[in-house]
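Numbering (the working numbering), first residue to last: 2 to 1165.
Even glycine gets a Cβ: it sits at the ideal position worked out from N, Cα and C.
Some notes on the structure that comes next.
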């Protein structure tokens, strides 16, 4: 028979018990009243003095007074004494006495209130500026309007020195177009850069039927430019427009800058030419290829398919498959080397072949062997195919489900140029086909040798660029025209709520915040945040609706703008894009994307995709350097991390790097570090310096670090922070000694600040508080980092919380069966699995609160056992009985038992982040409690209707009941709070659902007869109370089934069904059942590798693609422009970035070993 709707419902079982207990107590009450009356009557009869006829008028010799006369007598006596005492204090006026008494009363009342209620958190919402987009003007408004438009619109110009840029702007031309005029047509030379200053232009192409397909509308301020065409002009391979038209929709004013104006400027400034090439290649790989590969699924359309050279360009003795023609001898190694040198000389435009000697090596690639692996930076070099063929293959293609051959490289082809120029991992795999008769022979020009070559001849870079561009498909050029690469300043909005949806955005770097405004009240609410690789605004664009939120930049952010017209064109030309977008839209709406998108569409945890941290000390007594090193050590278990200080940056980039003239260079270098590392730690100075301002500007999150035992103040830099960065997420970190007492007054720390989105209590090792010199501190931590970090430490928990890789524990309700939670926690600890967040309902809320408060399984077990013993004492229950109008018990005794276990503390004062669920019967909604009185909200979460009265919320007066009515296992809430791995433990009761079939009608008298007649067959029919309780828990049961079937948590149910809800006397037995089951279950799961990202497996979490939004991480950058133009005056042959050298040497030769990407490997 189908299971009952209350299956696995702990509160249903408790409701049975309530009904039975109520009936039992009624019987006991009647018997007790009868016995008391009988006993009183007998006592009066036996002890009352008997009157006799012999003494009818005998009176008592003692004086007898009525009770009221006694009270009146002694009351008057006390009043006389009070008057005499008040007369002795006649020197004090009557009004003054009253003031003194009132003051003393207030002090007594205040002391009493403080002793019973700790200070509450009052700063619950961020300030208005936190959710408000900035509308101020740009700081470069002093520039001429046409120059300002050009600077803002074209990303590549931001990397020029201002004198060079102003020199280029002398060649600007102004074009006046009327509506319908063409800016360019098919066949016109593609040799100009256009920026619309006024009006509106339409860039479109035509299909085979002659219909126009709009790619994008160009409003004022936007540019029409293809950086690939720009590169063609620089390399001397100009091409005309082949498919595109640009026409004025209305009267327009357009600025035109010929690319030919760049040539004389670049001849005088070769470092600028290198910088332009680098930006173009970065645009190609980070913008265009990211859009095609990661979000549109068009990887197979990037390269020209089977780009074969014509037969006349091939050498006669090598055929299509690289087989030698009959009779031709195999070339010697010297002949191969000469052929490779000549090939490189021709492809790189080098006049003297001797320049290449000593820089090129030969490599043989066997049949089936791989030259370059996809998503790898190992072996980054330029390869020249001497003999044989190589296949360029896309691994794990979504369309084919396997490998797809994109390109066939034959003799004379150049490969690997894009990865060398950008430093990004390779998008493809290059291998020698298995069906080839003999291995391929290639010439290798390594990255280091290319640096030396470019230092002598910068024009070599242009030839490498041309070798990359000529293999791209026409689709890439069309997309390059329609894609915009934009840079957004902090606080600026990319779109606002209510605007038309005409484009979508890909976050390349930086961070965005989505805010929704209530139209009725005007109140703004945070929807979520977006980081690197995220797609923003796609839902409204695909559904053709207005923008539902306002999205603004939190920090300096780079975006790729994909217009709606381009998206429609791609859907028309490549139907596979429709499938990709439907899948993407479905994931967004259902909220089951692996990147933890939960709740409403586009709702995202604020910890998602966090990439940079700024550490800001409150006072000078904060151990800033040890704290950042401890955090660095813990973050290293999650992914590549780097710690940046002002000294390190000056050492790498020069003394004048913080000057305004070097703004672009510093921003670019910091961007490179963010691209190379999973997390970048910006360690601020103790003063409000230029470096501190830069740290705050670059941060996704600011950690405000204070000493919990120090003075409770707001630091000077914090006050400056309110003016500099009002939108960046801030979190308070309170440092404690390793043996510190439980935290107190956390709410007071939070209330004195404008807004902190979270707080962390960190117990620090004693080595942090030992005063040492900086050199000695680095030496100590070099030894510390030789061993892996402890995953159970508070610093490791902080690292996981900041990176969105935390482990959440969810404990469900179930009465006495909740003792299994204690055993399950012990099993989790023994398995080495950390617990970073805890959420609970009913008994799960109580056990979870004990764990977050103590974090010691021995003390948790002891307190839980003592509480269970008190719950078995019937005397407490009888003394708490009351007339059952609202509930059977007053709740006073139950409150006392919980308060004795948890004490008077707030949820904010727990070591581990914690929440509990209650049912708000006033608002008919679920309440999530993350701050406030701990024992009160735990008690509210355990308040069964009819058994305990609802608890009045001290914050707003709402009535709160057991959270099991709405969500008995809140794994979904834990997921929405940012936990990546969730362990959900269910201890609720399960109904068998074997009700008796009684037909179409039911006679209550028949049911009563079968219930009391001993020889009647057993009848199982739910009572009226049972049916009401089941109706109340239908939504809870449905949510529980969703948790069981979900793929985002580990659902665990110990075998505790044989224990009753109120069987608290079996605490140890139930605890052992939970421990044994948890131990066996976790051992099997971890052995199977299903708990990846937990404990030891944490280091693998960074390699998960969905965790990073599908964005490939770079490992090094070119740095050629920095090599030719150093900030500090050092020899030209040593690039200040040293990125190319790092590509071949995994252990960097830096003076400060703490900045190493892998310090343990260096120590070995």
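Self-check item: Length-filtered (4 minimum) alpha helix (DSSP H) runs lying within the region 840-908
Solution: 844-855, 858-872, 875-880, 893-903
Exercise. Scan the region 800-835 and note each continuous alpha helix (DSSP H) run of 4 residues or more that stays entirely inside, going in chain order.
Key: 820-831
Quiz item: Does the distance from the C-beta atom of residue 809 to that of residue 844 stay below 8 Å?
Solution: As a working mapping, residue 809 is identified with position 808 in the chain shown. As a working mapping, residue 844 is identified with position 843 in the chain shown. Taking 8 Å as the Cβ cut-off, residue 809 and residue 844 do not qualify as a contacting pair.
Quiz item: In terms of DSSP beta bridges, what is residue 467 paired with?
Solution: Translated into the one-based positions of the chain shown, residue 467 becomes position 466. Paired residue(s): none; residue 467 is not in a bridge.
Quiz item: In terms of residues, what are the limits of the beta strand (DSSP E) holding residue 364?
Solution: In the chain shown, the residue the question calls residue 364 occupies position 363. Its beta strand (DSSP E) spans residues 361-366.
Quiz item: In three-state terms, what does DSSP make of residue 910?
Solution: As a working mapping, residue 910 is identified with position 909 in the chain shown. For residue 910, the three-state secondary structure derived from DSSP is helix.
Quiz item: What whole-angstrom Cβ distance do residue 735 and residue 744 have, given they're in contact under 8 Å?
Solution: Along the chain shown, one-based indexing puts residue 735 at 734. Along the chain shown, one-based indexing puts residue 744 at 743. Contact holds; Cβ gap of about 7 Å.
Self-check item: For residue 733: DSSP bridge partner residues
Solution: Along the chain shown, one-based indexing puts residue 733 at 732. Answer by DSSP bridge pairing, in chain order: 705, 760.
Quiz item: Once you ignore the five residues that flank residue 954 on each side, which residues in its own chain have a CB closer than 6 Å to its CB?
Solution: Counting from 1 along the chain shown, the entry for residue 954 is found at position 953. Taken in chain order, the residues that qualify are 961.
Self-check item: Validate contact between the region 713-731 and the region 636-656 using beta carbons, cut 8 Å, 3 pairs
Solution: no
Quiz item: Excluding the five sequence neighbours on either side, which residues of its own chain have a C-beta within less than 6 Å of the C-beta of residue 1051, listed in chain order?
Solution: On the chain shown, residue 1051 is found 1050 positions in, with the first residue counted as 1. Excluding sequence neighbours, residue 1051 sits near 984.
Exercise. Assuming residue 685 contacts residue 614 (C-beta within less than 8 Å), just tell me the rounded distance between them.
Key: Here residue 685 refers to the residue found at position 684 of the chain shown. Here residue 614 refers to the residue found at position 613 of the chain shown. The C-beta distance from residue 685 to residue 614 rounds to 11 Å, too long to fall under 8 Å, and the pair is not in contact.
Quiz item: With distances taken between CB atoms, is the gap from residue 371 to residue 430 smaller than 8 Å?
Solution: Taking the first residue of the chain shown as 1, we reach residue 371 at position 370. Taking the first residue of the chain shown as 1, we reach residue 430 at position 429. Cβ atoms of residue 371 and residue 430: closer than 8 Å.
Quiz item: Tell me the DSSP bridge mates of residue 695?
Solution: Looking up residue 695 in the chain shown gives position 694. For residue 695, which the question treats as bridged, DSSP gives no partner whatsoever.
Quiz prompt | Pair within 8 Å by beta-carbon distance, residue 823 and residue 861 | solution = The residue you call residue 823 lines up with position 822 of the chain shown. The residue you call residue 861 lines up with position 860 of the chain shown. It is a contact, given that the beta carbons lie within the stated cut-off.
Quiz item: Smallest Cα separation from residue 458: which of 340, 1065, 357?
Solution: Locating residue 458 in the chain shown gives position 457, counting from the first residue. The option with the nearest alpha carbon to residue 458 is 357.
Quiz item: Is the beta carbon of residue 249 less than 8 Å from the beta carbon of residue 181?
Solution: Sequence index remark: in the chain shown, residue 249 carries index 248 (1-based). Sequence index remark: in the chain shown, residue 181 carries index 180 (1-based). For residue 249 and residue 181, yes; Cβs fall inside 8 Å.
Quiz item: Looking only at its own chain, which residues have a Cβ that is under 7 Å from the Cβ of residue 474, when we skip the five neighbours before and after it?
Solution: Taking the first residue of the chain shown as position 1, residue 474 is located at position 473. For residue 474, where only same-chain residues beyond five positions count, the Cβ hits under 7 Å are 302, 303, 304, 305.
Quiz item: Which term fits residue 128, buried or exposed, when burial requires 16 or more other beta carbons within 10 angstroms of its beta carbon?
Solution: Reading the chain shown from its first residue, position 127 is the one you call residue 128. Exposed, because fewer than 16 other Cβ atoms sit within 10 Å of the Cβ of residue 128.
Quiz item: What span of residues does the beta strand (DSSP E) with residue 918 cover, start to end?
Solution: On the chain shown, position 917 is the one that residue 918 refers to. Residue 918 -> beta strand (DSSP E) spans 915-921.
Practice problem: Could you tell me the distance, in whole angstroms, from the CA atom of residue 641 to the CA atom of residue 678? | Solution: Sequence index remark: in the chain shown, residue 641 carries index 640 (1-based). Sequence index remark: in the chain shown, residue 678 carries index 677 (1-based). Going by the C-alpha atoms only, they are around 5 Å apart.
Quiz prompt | Minimum C-alpha distance to residue 925 - residue among 887, 707, 964 | solution = Position 924 of the chain shown, counted from the first residue, corresponds to residue 925. For residue 925, the nearest C-alpha among the options comes from 964.
Quiz prompt | Contacting residues, own chain, Cβ-Cβ under 8 Å from residue 1 (five flanking each side not counted) | solution = Nothing in the structure corresponds to residue 1, since the chain is present only between 2 and 1165.
Quiz item: Are residue 479 and residue 549 closer than 8 Å when you measure CB to CB?
Solution: Residue mapping note: residue 479 aligns to position 478 of the chain shown, counting from 1. Residue mapping note: residue 549 aligns to position 548 of the chain shown, counting from 1. No. Outside cutoff.
Quiz item: Since residue 430 is in the beta strand (DSSP E), which residue starts that stretch and which ends it?
Solution: Taking the chain shown and counting its residues from 1, the one referred to as residue 430 is at position 429. Where residue 430 is concerned, the enclosing beta strand (DSSP E) stretches over 430-432.
Quiz prompt | Proximity winner among 213, 257, 681, relative to residue 198 (alpha-carbon distances) | solution = For the purposes of this step, residue 198 is identified with residue 197 of the chain shown, where counting begins at 1. Answer by Cα proximity: 257.
Quiz prompt | Start and end residues, beta strand (DSSP E) containing residue 177 | solution = On the chain shown, position 176 is the one that residue 177 refers to. Taken as a continuous stretch (DSSP letters only), the beta strand (DSSP E) holding residue 177 covers 174-178.
Practice problem: Quick one: give me the first and last residue of the beta strand (DSSP E) that residue 198 is part of. | Solution: Reading the chain shown from its first residue, position 197 is the one you call residue 198. Element bounds for residue 198: 193-207.
Self-check item: For residue 960, the residue or residues it bridges with in DSSP
Solution: Counting from 1 along the chain shown, the entry for residue 960 is found at position 959. Bridge partners of residue 960: 953.
Self-check item: Integer-rounded CB distance, given that residue 468 should sit under 8 Å from residue 391
Solution: If you number the chain shown from 1, residue 391 lands on position 390. If you number the chain shown from 1, residue 468 lands on position 467. Between residue 468 and residue 391 the Cβ distance is about 15 Å, and since that is not below 8 Å, they are no contact.
Quiz prompt | DSSP state of residue 351 mapped onto helix, strand, coil | solution = Here residue 351 is taken as the residue at index 350 of the chain shown, counted from 1. Residue state, collapsed to three classes: coil.
Quiz prompt | Helix, strand or coil at residue 383 [DSSP, three-state] | solution = Here residue 383 refers to the residue found at position 382 of the chain shown. Strand, per DSSP.
Exercise. State yes or no: is the C-beta of residue 1068 within less than 8 Å of the C-beta of residue 846?
Key: Translated into positions along the chain shown, residue 1068 becomes position 1067. Translated into positions along the chain shown, residue 846 becomes position 845. Contact: no.
Quiz prompt | Backbone CA spacing between residue 856 and residue 709 [nearest angstrom] | solution = Reading the chain shown from its first residue, position 855 is the one you call residue 856. Reading the chain shown from its first residue, position 708 is the one you call residue 709. Their Cα atoms are separated by approximately 19 Å.
Quiz prompt | Whole-angstrom distance between residue 568 and residue 213, CA atom to CA atom | solution = Counting from one through the chain shown, the residue named residue 213 turns up at place 212. Counting from one through the chain shown, the residue named residue 568 turns up at place 567. For residue 213 and residue 568, the distance between alpha carbons rounds to 15 Å.
Quiz item: So does the region 830-838 actually touch the region 969-988, counting three or more Cβ pairs closer than 8 Å?
Solution: Taking 8 Å as the limit for Cβ pairs, the verdict is that the region 969-988 does touch the region 830-838.
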